[in-house]
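In the working numbering, the protein residues as written are 12 to 274.
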């Protein structure tokens, strides 16, 4: 599949300068690693334990609230699991019990009892040769960042497992205290800390929220990677470019670097 360019005359909110790639900001789950493997198994485990703990038929209600299709065992595009920080997912789970008439204190105790973090190592299946990709990007003189809704500790564990933690220049996570995606503050903070203008940053992600993040932050380009948590239709709404997999990223970076050099 060839990648599809989406021309958006209105997306340059902060700069009219051409994008000269100096930074690539990657989402983590669904972009670098398999989303369903990590989060599908996690939400199924939490739901079963919650139902056994409370003796209430809440399993399917939790799936629905989280945006998980338990029949196909897949994440629903634009569902809560796609881009919601763990702290907010916790409150989603609490609300499921509150809606069942469970008292607030009892609901909090029940969720706290079953709540765990996903296995950041054993369920981190890479979607390509991530070390080779990152090494090539670094060889081009381009910096790398990871921006994720996941918490910092599991994010660091995953990057170490993928053997790329030493290649990442900056990380922004869901528990860092900044507004969640698609608010632009995470990318603005990354760009400020690395000394890169947002219009020279490229956002790479698998969800429509990632594409909106790039748009809101004024990134020079938002690249949607197919096969993640969002459907092609949802991803295409705000992506500048769609690619079938991570292998195409290097070609895009090379083309945009060449265009910037010749302009």
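Cβ atoms here follow ideal geometry from the backbone N, Cα and C, with glycine treated the same way.
Quantities reported herein were computed from a predicted structural model and do not represent experimental measurements.
| said: Contact defined as beta carbons within less than 8 Å: I believe residue 36 pairs with residue 214. What is the distance between those atoms, to the nearest angstrom? | reply: Contact between residue 36 and residue 214 holds, since their C-beta atoms are separated by about 5 Å, short of 8 Å.
| query | Is it right to say residue 270 is buried, meaning 16 or more other beta carbons lie within 10 angstroms of its own, or is it exposed? | reply | Exposed, because fewer than 16 other Cβ atoms sit within 10 Å of the Cβ of residue 270.
| Check whether residue 205 and residue 154 have beta carbons under 9 Å apart | Contact: yes.
| Residue range of the beta strand (DSSP E) that residue 123 falls in? | Looking at the DSSP string, residue 123 is not in any beta strand (DSSP E); the run it does join, the alpha helix (DSSP H), is 115-125.
| In its own chain, which residues sit with a C-beta less than 6 Å from the C-beta of residue 70, not counting the 5 before and 5 after it? | Once the five neighbours on either side are set aside, the close Cβ partners of residue 70 are 58 and 62.
| query | What span of residues does the beta strand (DSSP E) with residue 232 cover, start to end? | reply | According to the DSSP assignment, residue 232 belongs to the beta strand (DSSP E) that extends over 232-236.
| Per DSSP, residue 156 forms a beta bridge with which residues? | BP columns for residue 156 point to 36 and 181.
| message | Quick check on residue 114: buried or exposed, where buried means 16 or more other Cβ atoms within 10 Å of its Cβ? | response | Burial state of residue 114 is exposed, judged by a 10 Å Cβ sphere holding fewer than 16 other Cβ atoms.
| request: State the Cα-Cα distance for the pair residue 267 and residue 88, rounded to the nearest angstrom. | output: A direct Cα-to-Cα measurement between residue 267 and residue 88 gives close to 29 Å.
| DSSP state of residue 51, grouped into three classes? | Note: residue 51 maps to helix in three-state DSSP.
| task | Please state whether DSSP places residue 225 in a helix, a strand or coil. | result | Under the three-state reduction of DSSP, residue 225 is assigned to helix.
| Limits of the unbroken beta strand (DSSP E) element including residue 215 | DSSP places residue 215 in the uninterrupted beta strand (DSSP E) bounded by 212-216.
| field | Same chain, Cβ closer than 7 Å to residue 93, five either side skipped, listed in chain order | value | Within the same chain, residue 93 has close Cβ partners 78, 86, 218, 220, 240 and 241.
| Would you call residue 128 buried or exposed, if buried means 16 or more other Cβ atoms sit within 10 Å of its Cβ? | Residue 128 comes out exposed.
| said: Please list the terminal residues of the continuous alpha helix (DSSP H) segment that includes residue 107. | reply: Counting along the chain, the alpha helix (DSSP H) containing residue 107 begins and ends at 97-110.
| For residue 119, the nearest candidate out of 102, 132 and 246 (CA to CA) | With distances taken between Cα atoms, residue 119 lies closest to 102.
| query | With C-beta atoms as the reference, is residue 189 less than 9 Å away from residue 179? | reply | Their beta carbons are not under 9 Å apart, which means residue 189 does not touch residue 179 by this criterion.
| 8 Å Cβ shell around residue 72 - same chain, five flanking residues per side excluded | Correct list, in chain order: 107, 110 and 111.
| request: Check whether the Cβ atoms of residue 31 and residue 229 lie closer than 9 Å to each other. | output: The answer is no: Cβ separation not under 9 Å.
| Straight-line Cα distance separating residue 76 from residue 209 | Put simply, the backbone Cα of residue 209 is about 34 Å away from that of residue 76.
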